[in-house]
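Asker: Heads up: the sequence lines are chains A and B, in that order.
Each residue of the first sequence is one higher than the one before, starting from 1 at the first, in our numbering.
Each residue of the second sequence is one higher than the one before, starting from 1001 at the first, in our numbering.
Each residue gets a CB set at the ideal place from its N, CA and C atoms; glycine is no exception.
There are 2 protein chains.
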Amino acid sequence: MENLSFGQYSLVYNAFSFTFATMAATTLFLWLGRSQVGHAYKTALTISGLVCAIAAYHYLRIFQSWEGAFNIEQGVTGDFNVTASGYAFNQAYRYVDWLLTVPLLLIELILVMRLTEKETVSKSLKLGGAAALMIILGYPGEIATDIPTRVLWGTLSAIPFVYIIWQLFVGLGASIENQPENVRELVKKARLLTFASWGFYPIVYMIPYTNLSGSNVTVGVEVGYTIADLIAKAGVGVLIYMIAVRKSQAEYGDKAVG
Amino acid sequence: MENLSFGQYSLVYNAFSFTFATMAATTLFLWLGRSQVGHAYKTALTISGLVCAIAAYHYLRIFQSWEGAFNIEQGVTGDFNVTASGYAFNQAYRYVDWLLTVPLLLIELILVMRLTEKETVSKSLKLGGAAALMIILGYPGEIATDIPTRVLWGTLSAIPFVYIIWQLFVGLGASIENQPENVRELVKKARLLTFASWGFYPIVYMIPYTNLSGSNVTVGVEVGYTIADLIAKAGVGVLIYMIAVRKSQAEYGDKAVG
């Protein structure tokens, strides 16, 4: 790792710790909320919570890996100097996390729509498979040390990405229009938030294409991916919860849910 | 341990971390799902979750053992060099895990079929006992340093293996045909996935018989067993959950489950 200023190091360090806490808290919120929704929506909340739980685990690992990758020493002037420790920061944790959570994020969106069983399985397989392919194709570019390799794999990874967006807006469009009126807007919001947060990842991926230098790239990439994860996992999870509660009230009534 | 390239080391390292996360997530998914199935199927989900929980524990240990078995140092060119640390990588964790989980995997398959109590107990004892014997006979071969010893114990271990497969396809065949129509295919899939993933283990076991050299054998064995464990435990667990949900809906209806 290149050397960072103490401020840069601390910013990323605290962002990772914040994200661990947020993901763990959202997990518990979603799982406790299972008892407040109808039978048909419990699995959606189980999976939304799982996504945040898996992310919490990985942010704990990323946090420790970041801590281990640098030595902090106080100089004679009292300032803290940050130097690379020689241990590699393991960027792969992010990809391992996404390989698990990104297909699940699409599945939670499908589950909360409550399509027919056949449609649920077929959409989950298609979207989940495309998501896994997108992550796998992105990784060789992320660890590449030259820009052309990063561009090549990034572009390949964009193919399943565009397919997923197309499925979300065209393939699922009819199903969304069939949602009950009081949740249609929420489902659209969840879709839009998924799209917006996912659009953030390629932008972060492209930071190294810019003129920014070493440590700024590192900080930009880490903080950028962290914000995108917070929105895509915790933010979308809370929306899924709101959809599940409203649909439960409409379908089961207040009494049936307990 | 022989020396590995940094890429080989990282592949196994990340595969172990990924598997810990997947096993822990599947455990929670299966246990949370207990509230969504009928009374008769709760034990099947409890045990499927236990299998994944035991595996999560062992993958955490295996991950730490792998980390401790190597030293990573950054050379002057910035590349990372991986050398054996002198601590042994503990392959026994896998066998201890299997000794517990493989009999439980067969029992979860039997439980979800909901046979008579007498049949459930007798099949569980027979299949569970054969599974334990298979693991115990395989271990001396796994830690053997010469091929003939590995072949000898591997062949002995194959006897209970063949008995289990015969029981699954012939002994349980009639019971599977008696399953309700909408789950018969799922039960067959669970049996086939068990068979397919189990067929993977002997193939991995035989990797050292090939012409591959030191570090490739290590990486092949570790990644191979890890993929087989993911399918046999998390994959079969999710199928067991789907069978339990469908059978519950048929037998208890939506209301009785809560």
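With a CB to CB cut of under 6 Å and the five nearest residues on each side skipped, what residues in its chain are close to Gly-1258/B?
Answerer: Confidence at Gly-1258/B is low in this model, with a pLDDT of 45, below 50, so its placement is unreliable and the value that follows should be read with caution. The answer is none, since no qualifying residue turns up.
Asker: Phe-1200/B versus chain A: which residues are under 9 Å apart at the beta carbon?
Answerer: Those within 9 Å of Phe-1200/B in chain A number zero; the least Cβ separation is about 20 Å.
Asker: Kindly examine the ligand ATP and report whether one of its heavy atoms sits closer than 7 Å to the Cβ of Gly-173/A.
Answerer: In terms of ligand content, the structure shown is empty, and the ligand ATP therefore cannot be addressed.
Asker: Helix, strand or coil, according to DSSP, for Ile-1136/B in the structure here?
Answerer: In the structure shown, Ile-1136/B sits in a helix (DSSP, three-state: H, G or I).
Asker: Given that a residue counts as buried once 16 or more other Cβ atoms are within 10 Å of its Cβ, and exposed if not, what is Val-37/A?
Answerer: The residue is buried, with at least 16 neighbouring Cβ atoms inside 10 Å.
Asker: Hey, how far is the Cα of Thr-43/A from the Cα of Gly-253/A?
Answerer: Cα to Cα, Thr-43/A sits roughly 19 Å from Gly-253/A.
Asker: Please return the same chain residues whose Cβ sits closer than 8 Å to the Cβ of Ala-1053/B, not counting the five positions on each side in sequence.
Answerer: So the list reads Met-1023, Ala-1024 and Thr-1027, once near-sequence residues are dropped.
Asker: DSSP beta-bridge partners for Ile-304/A?
Answerer: The structure shown does not extend to residue 304/A, since chain A spans only 1 to 258, so no value can be given for it.
Asker: In chain A, what lies closer than 7 Å to Glu-1073/B by C-beta?
Answerer: Ordered by position in chain A, the residues that pass the 7 Å Cβ test against Glu-1073/B are Gly-86.
Asker: If you run the structure through DSSP and keep just helix, strand and coil, what is Pro-202/A?
Answerer: Residue state, collapsed to three classes: helix.
Asker: Once you ignore the five residues that flank Tyr-1209/B on each side, which residues in its own chain have a CB closer than 8 Å to its CB?
Answerer: Excluding positions up to five away in sequence, the list reads Ile-1147, Arg-1150 and Val-1151.
Asker: Report the start-end ranges of each alpha helix (DSSP H) in the segment 1008-1069 of chain B that is 4 residues or longer and not cut off at the edges.
Answerer: With a minimum length of 4 residues, the continuous alpha helix (DSSP H) runs that stay inside the segment 1008-1069 of chain B are 1042-1068.
Asker: Find the residues of chain A that neighbour Ala-1021/B, judging by a C-beta separation of less than 8 Å, and give them in chain order.
Answerer: Result: Ile-54, Tyr-57, His-58, Val-96, Asp-97 and Leu-100.
Asker: Roughly how many whole angstroms lie between the Cα atoms of Gln-8/A and Met-206/A?
Answerer: Approximately 20 Å, taken between the alpha carbons.
Asker: Ala-92/A versus chain B: which residues are under 7 Å apart at the beta carbon?
Answerer: Simply Ser-1010 and Asn-1014.
Asker: For a cutoff of 8 Å on Cβ pairs, would you count Trp-153/A as touching chain B?
Answerer: So, not an interface residue.
Asker: Measure the alpha-carbon distance for Phe-16/A versus Phe-1006/B and round it to whole angstroms.
Answerer: Cα-Cα distance, rounded: 25 Å.
Asker: Out of curiosity, what's the CA-to-CA distance linking Glu-1108/B and Leu-1045/B?
Answerer: Each residue's Cα considered, the two are about 8 Å apart.
Asker: Output the boundary residues of the alpha helix (DSSP H) element that contains Thr-1101/B.
Answerer: 1092-1113 is the extent of the alpha helix (DSSP H) around Thr-1101/B.
Asker: Which value, in whole angstroms, describes the spacing of the CA atoms of Asp-1079/B and His-58/A?
Answerer: Distance between the alpha carbons of Asp-1079/B and His-58/A is about 25 Å.
Asker: Give a yes or no on whether 8 Å exceeds the smallest Cβ distance from Phe-1195/B to chain A.
Answerer: It does not; no Cβ of chain A falls within 8 Å.
Asker: Indicate whether Leu-115/A and Ser-48/A have their beta-carbon atoms separated by less than 8 Å.
Answerer: Going by C-beta atoms, Leu-115/A is not nearer than 8 Å to Ser-48/A.
Asker: Taking only three categories from DSSP, how would you classify Glu-1002/B?
Answerer: Reduced to three states, the DSSP call for Glu-1002/B is coil.
Asker: Residues of chain B with CB closer than 9 Å to the CB of Lys-42/A, please, in chain order.
Answerer: Within 9 Å Cβ-Cβ: Leu-1032, Gly-1033, Ser-1035 and Gln-1036.
Asker: Could you give the DSSP three-state label for Leu-1087/B: helix, strand or coil?
Answerer: A small correction: the amino acid at residue 1087/B is Tyr; Leu does not occupy that position in the sequence shown. Three-state DSSP puts Tyr-1087/B in coil, outside helix and strand.
Asker: So, Met-343/A versus Val-187/A, is the Cβ gap smaller than 8 Å?
Answerer: This structure does not reach residue 343/A, given that chain A is present from 1 up to 258, and the question cannot be answered.
Asker: Between which two residues does the alpha helix (DSSP H) carrying Pro-148/A extend?
Answerer: Per DSSP, Pro-148/A belongs to the alpha helix (DSSP H) from 147-166.
Asker: Nearest-angstrom Cα distance between Asn-178/A and Ile-110/A?
Answerer: So the alpha carbons of these two residues sit roughly 13 Å apart.
Asker: Can you check whether the C-beta of Thr-226/A is within less than 8 Å of a C-beta belonging to chain B?
Answerer: No, because no Cβ of chain B sits closer than 8 Å to the Cβ of Thr-226/A.
Asker: Within the segment 1214-1250 of chain B, note down every full alpha helix (DSSP H) run reaching 4 residues or more, in order along the chain.
Answerer: As far as the segment 1214-1250 of chain B is concerned, its whole alpha helix (DSSP H) runs of at least 4 residues are 1214-1229.
Asker: Excluding the 5 residues preceding and the 5 following Ala-40/A in the sequence, name in chain order all residues of the same chain whose CB lies nearer than 6 Å to its CB.
Answerer: Same-chain partners within the cutoff: Arg-114.
Asker: In chain order, what residues of the same chain lie with their CB nearer than 7 Å to the CB of Ala-244/A, ignoring the 5 residues before and after it?
Answerer: So the list reads Val-37, Tyr-41, Ala-44, Leu-45 and Val-112, once near-sequence residues are dropped.
Asker: Using 8 Å as the limit for Cβ to Cβ distance, is Arg-61/A near chain B?
Answerer: Answer yes: the Cβ-Cβ gap between Arg-61/A and chain B drops below 8 Å somewhere.
Asker: Would Trp-166/A be called buried (16 or more neighbouring beta carbons within 10 Å of its own) or exposed?
Answerer: The residue in question, Trp-166/A, is exposed, as its Cβ has fewer than 16 Cβ neighbours within 10 Å.
Asker: What's the gap between the Cα of Gly-154/A and the Cα of Gly-199/A?
Answerer: Approximately 13 Å, taken between the alpha carbons.
Asker: Answer yes or no: does any C-beta atom of chain B fall closer than 8 Å to that of Thr-116/A?
Answerer: By this cut-off, Thr-116/A is not an interface position.
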